[in-house]
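> In the numbering used here, the protein residues as written are 152 to 265. The beta carbon of each residue, even a glycine, is placed where N, CA and C say it ideally should be.
Printed below as a string of structure tokens:
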């Protein structure tokens with residue numbers, strides 16, 4: 152890989168990293184377990200690695216944005232995550248922030264004045 156491609160890849164990784172939380176929260180309106188969340192994000196062209204997702208889920212749970220519950224009735228136990236009421240509020244605020252930022256960035260990258 153040449154230097155140009157390495158620079159572009161680095162910037163792309165930084166941009167994606169900033170959207171992981173919003174992407175994960177968008178999928179947790181209903182309960183999901185980790186692997187199903189990884190698959191769903193991947194299907195929507197937003198692949199996330201397990202070693203990124205699981206620490207994030209634990210952090211969001213610690214912040215009381217998510218709650219989890221173990222399901223032990225199936226073939227193997229699964230821990231399901233879902234937004235708390237506080238998490239829903241945070242998600243809505245992040246969505247609004249994202250929409251505003253997207254509007255501002257569209258103006259900036261188009262070369263127009265704000």
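According to DSSP, which residues form a beta bridge with residue 217?
Answer is 234, bridged to residue 217.
> Looking only at C-alpha atoms, which of 155, 256, 232, 255 sits nearest to residue 178?
Here the closest residue by C-alpha is 232.
> Verify whether the separation of the beta carbon atoms of residue 185 and residue 173 is less than 8 angstroms.
Taking 8 angstroms as the Cβ cut-off, residue 185 and residue 173 do not qualify as a contacting pair.
> Based on Cα-Cα distance, which residue from 211, 259, 247 lies nearest to residue 238?
For the residues 211, 259, 247, the minimum Cα distance to residue 238 belongs to 211.
> Under the rule that 16 or more other beta-carbon atoms within 10 Å means buried, what is residue 183, buried or exposed?
Buried, by the Cβ-count rule.
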